[in-house]
Amino acid sequence: MENRSRAAYLVGPPALYLLLLFVLPLGIMAVFSFRVGTIGEASRHFTLDNYIEFFQNTSYHRLLWRSGLIAFTISAVSVLLAYPLAYFLVFIAGERRVTLMTLIIIPTWTSYLLRIFAWKLILGSQGLLNSLLLWLGVIEKASPILLYSRAAVVITLIYVWVPFVALPIFASLERIDRNLLEAAADLGCKPLEAFLRVTLPLSLPGVIAGFMFALIPTLGEFVTPLLVGGGQGSMYGNLIQDQFVRALNWPMGSVMSLAMLILVLLLIFVFLRAGTSTRLLEF
Amino acid sequence: MGRLRLPSPFTLYYWLVAAILFLPIILLIIFSFNSSIQLVFPLKGFTLKWYQQLFKSTELLEAVRTSILLGFGSSLVATILGAMGAIAMVRFDFPGKSLFVSMAAMPLVIPYVILGVSLLIMFHQVGLPLSAFSAGLAHVVVSVPYALLVIGSRLVGFPQNLEEAAMDLGCTYWEALLRVTLPISFPALVAAFLICFTISFDEFAIASFLVGTQPTLPVYLYSQLRFPTRLPLVVSMASILMTASMIAIVLSEWLRRLGETPHRRAKP
Chain F
360 MENRSRAAYL
370 VGPPALYLLL
380 LFVLPLGIMA
390 VFSFRVGTIG
400 EASRHFTLDN
410 YIEFFQNTSY
420 HRLLWRSGLI
430 AFTISAVSVL
440 LAYPLAYFLV
450 FIAGERRVTL
460 MTLIIIPTWT
470 SYLLRIFAWK
480 LILGSQGLLN
490 SLLLWLGVIE
500 KASPILLYSR
510 AAVVITLIYV
520 WVPFVALPIF
530 ASLERIDRNL
540 LEAAADLGCK
550 PLEAFLRVTL
560 PLSLPGVIAG
570 FMFALIPTLG
580 EFVTPLLVGG
590 GQGSMYGNLI
600 QDQFVRALNW
610 PMGSVMSLAM
620 LILVLLLIFV
630 FLRAGTSTRL
640 LEF
Chain H
34 MGRLRLPSPF
44 TLYYWLVAAI
54 LFLPIILLII
64 FSFNSSIQLV
74 FPLKGFTLKW
84 YQQLFKSTEL
94 LEAVRTSILL
104 GFGSSLVATI
114 LGAMGAIAMV
124 RFDFPGKSLF
134 VSMAAMPLVI
144 PYVILGVSLL
154 IMFHQVGLPL
164 SAFSAGLAHV
174 VVSVPYALLV
184 IGSRLVGFPQ
194 NLEEAAMDLG
204 CTYWEALLRV
214 TLPISFPALV
224 AAFLICFTIS
234 FDEFAIASFL
244 VGTQPTLPVY
254 LYSQLRFPTR
264 LPLVVSMASI
274 LMTASMIAIV
284 LSEWLRRLGE
294 TPHRRAKP
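Note that the protein sequences, when read in sequence, are chains F and H. Mapping of the first sequence onto my numbering: residues 360 to 642, in sequence order. Mapping of the second sequence onto my numbering: residues 34 to 301, in sequence order.
Encoded structure:
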């Protein structure tokens, strides 16, 4: 019993803090989504209009669907690019692997905004890519080939996520018992076969975790589209941000945020159900 | 033996990716020494004037100050809350434990834009004015999971009977925590603090909704990205900060490892 009261004293403050500043705001937002979308006295009333509008206006669904596709593409490509990186570090780099892993993490700890902004310099009409292509004679006139497009958003976010996706894959590859690979070889597996039948399946938890690491924040992304996406590259997160910053229709924005929240929770549920990496905070 | 060994394609791939990861950062640093206002190629000439002007831009320095204070405050609170939560999670079984763990992990997987707008609504409803302080309250929420992870994995690494030994020798439980657990997990506490600090210092999405008229550095940076003439200044500031944050990270990694090695394989 003594232990229980000690635990209560210890867990109380962080639990209370998260309840008040994390769970409660989400609850208030849920209530707010039923408010009338105007400022003033009328806003005290409750209505289902926001939901009706959300379900009837197909442009919201299209944008949500498109953002989902963009996020899936980004996460899938990031996994494909990060996997060989992690594989190299674990199976080839040997003693230096932690140092080399840290090396690719270092750039991610520099200003997020400016790393994205730097891509504007690379993709812009007088940027690095254009100068290079001009110099090579591939193109004759400079143009912002990739800037202000969905492709720019995809490229930039893949750049952002590859190192983060590599981390969980690295961790799951490290956990593989090398004896299993030896056994596979002894039993006549060729290296590729051993990879496909032993290494890859055992590293799937890391792959899925990495995929989710990239997918969820990308779904809500609004900064990168603002900086490099232009009109065509805008995402669902921009729509939410717009409702709060420019349109000032907070109840409508709340409906949109809730829709995204539910989508994300569903994804997490599926991901936990997949039976892999069942705990986010693993000790 | 004497044969020239070609590096494996994986090695080449690693260094290619590493080069691409560093490219944008190197580009920014190069531009911070470029004398032209426009950030385009070809470069004009070498200059240090942006760095000199930096110290005269009061708005920029004010934003840096805000970010440092906010980062310091939110990381301190997050580290304390994270330490309490981690001790409870690692050392005790209590009702609702798994509920607490899921709640504490959730901020990791919810898009920041949702956290930002939900807090915006709540602060507006309760009449809390928007400021760096309100952004700091939010930063604690997103930092706590990281603090829990870092401190928790340190606590798992050393045996509980050290606390029991202290209590056998006459300490109360809280004294044992203060005089045994805290000093032993000190490297992890510092590492957690530094990680939380870098998260808060670089966080834009949430802060953009909550800072009101007290811009943090990322919020200020964003507002300046629209004005081409202000860019070189911003880029040179960023170069200094990038260097500083790299040092902070390398330091925290070093501390974390320092703390982890001795009882790495001890059973929890």
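No residue lacks a Cβ here, since even glycine has one placed at the ideal position from N, Cα and C.
Residue closest to residue i, alpha-carbon to alpha-carbon, out of the options
i: A271 (chain H); options: F:R537, F:L473, F:Q600, F:Y368; result: F:L473
i: L482 (chain F); options: F:T515, F:I465, F:G496; result: F:T515
i: M122 (chain H); options: H:F66, H:A224, H:L188, H:L227; result: H:L188
i: W424 (chain F); options: F:S593, F:A452, F:E552; result: F:S593
i: P216 (chain H); options: H:L195, H:K130, H:S233, H:F234; result: H:L195
i: L379 (chain F); options: H:V268, H:L60, H:L170; result: H:L170
i: S285 (chain H); options: H:F237, H:S269, H:A225; result: H:A225
i: P251 (chain H); options: H:S151, H:L274, H:V183; result: H:L274
i: T577 (chain F); options: H:M279, H:L81, H:L181, H:A238; result: H:A238
i: N416 (chain F); options: F:L631, F:M611, F:L617, F:G386; result: F:M611
i: L607 (chain F); options: F:A374, F:V395, F:A544, F:N362; result: F:V395
i: F630 (chain F); options: F:G579, F:G565, F:G590; result: F:G565
i: P57 (chain H); options: F:H420, F:A452, F:P466; result: F:P466
i: T246 (chain H); options: H:D201, H:V268, H:R263, H:L163; result: H:L163
i: S218 (chain H); options: H:F191, H:F242, H:L132, H:F260; result: H:F191
Min CB distance residue i to chain F below 8 angstroms
i: D235 (chain H); result: yes
i: G118 (chain H); result: yes
i: Q193 (chain H); result: no
i: S269 (chain H); result: no
i: S68 (chain H); result: no
i: M136 (chain H); result: yes
i: T99 (chain H); result: no
i: P140 (chain H); result: yes
i: M275 (chain H); result: yes
i: P216 (chain H); result: no
i: Q158 (chain H); result: yes
i: A199 (chain H); result: no
i: A225 (chain H); result: no
Proximal residues of chain H, C-beta to C-beta of residue i below 7 angstroms
i: F447 (chain F); result: F43, T44, Y46, Y47
i: A366 (chain F); result: A121, F125, F127
i: F476 (chain F); result: L258
i: F431 (chain F); result: What F431 (chain F) touches in chain H: nothing, since even the nearest Cβ is about 15 angstroms away.
i: G645 (chain F); result: With chain F represented from 360 up to 642, any question about residue 645 (chain F) goes unanswered, as that position is not in the structure.
i: I498 (chain F); result: Under the 7 angstroms cutoff, chain H gives no residues; its nearest Cβ is about 15 angstroms from I498 (chain F).
Closer than 8 angstroms to chain H by CB, residue i
i: L487 (chain F); result: yes
i: W521 (chain F); result: One detail in the question is off: residue 521 (chain F) reads as Val in this sequence, not Trp. At least one chain H Cβ lies under 8 angstroms of V521 (chain F).
i: L532 (chain F); result: no
i: P576 (chain F); result: yes
i: R455 (chain F); result: no
i: R605 (chain F); result: no
i: W424 (chain F); result: no
i: R363 (chain F); result: yes
i: S418 (chain F); result: no
i: L492 (chain F); result: no
i: V629 (chain F); result: no
i: G524 (chain F); result: A small correction: the amino acid at residue 524 (chain F) is Val; Gly does not occupy that position in the sequence shown. No, V524 (chain F) lies away from the interface with chain H (no Cβ there is under 8 angstroms from its Cβ).
Cross-strand partners of residue i (DSSP beta bridge)
i: A405 (chain F); result: This sequence places Phe at residue 405 (chain F); Ala is not what is there. According to DSSP, F405 (chain F) bridges with F:R394.
i: F79 (chain H); result: H:N67
Proximal chain H residues relative to residue i, where beta-carbon distance stays under 8 angstroms
i: G596 (chain F); result: P144, V146
i: I481 (chain F); result: L56, P57, L60
i: L407 (chain F); result: Simply none; closest approach about 19 angstroms.
i: V438 (chain F); result: Those do not exist, as V438 (chain F) stays about 14 angstroms from chain H at its closest Cβ, beyond 8 angstroms.
i: S616 (chain F); result: V146, I147, V150, S151
Supposed contact pair residue j and residue i - C-beta distance, whole angstroms, cut 8 angstroms
i: T249 (chain H); j: A240 (chain H); result: 5 angstroms
i: L93 (chain H); j: L266 (chain H); result: 7 angstroms
i: A543 (chain F); j: V557 (chain F); result: 5 angstroms
i: P584 (chain F); j: V512 (chain F); result: 5 angstroms
i: L377 (chain F); j: A137 (chain H); result: 6 angstroms
i: Y206 (chain H); j: F447 (chain F); result: Y206 (chain H) to F447 (chain F), Cβ: 48 angstroms. No contact.
i: Y145 (chain H); j: G579 (chain F); result: 6 angstroms
i: F242 (chain H); j: V150 (chain H); result: 6 angstroms
i: D235 (chain H); j: Y471 (chain F); result: 5 angstroms
i: W468 (chain F); j: I282 (chain H); result: 5 angstroms
Under 8 angstroms from the C-beta of residue i: neighbouring residues of chain F
i: V177 (chain H); result: P373, Y376, L377
i: M279 (chain H); result: I465, W468, T469
i: E286 (chain H); result: T461
Any chain C beta carbon closer than 8 angstroms to residue i
i: T461 (chain F); result: In summary, chain C is missing from the structure at hand, where the protein chains are F and H.
Amino acids of chain F, ordered along the chain, whose beta-carbon sits closer than 9 angstroms to that of residue i
i: F166 (chain H); result: Here the premise fails: no neighbours, minimum Cβ distance about 12 angstroms.
i: F230 (chain H); result: Those do not exist, as F230 (chain H) stays about 11 angstroms from chain F at its closest Cβ, beyond 9 angstroms.
Proximal residues of chain H, C-beta to C-beta of residue i below 9 angstroms
i: S613 (chain F); result: V150, S151, I154
Within chain F, partners of residue i - CB distance below 7 angstroms
i: I282 (chain H); result: I465, W468
The ligand COA heavy atom lying under 7 angstroms from the CB of residue i
i: T246 (chain H); result: Inclusion of the ligand COA in the displayed structure is not the case, the ligand content being empty and no account of it being possible.
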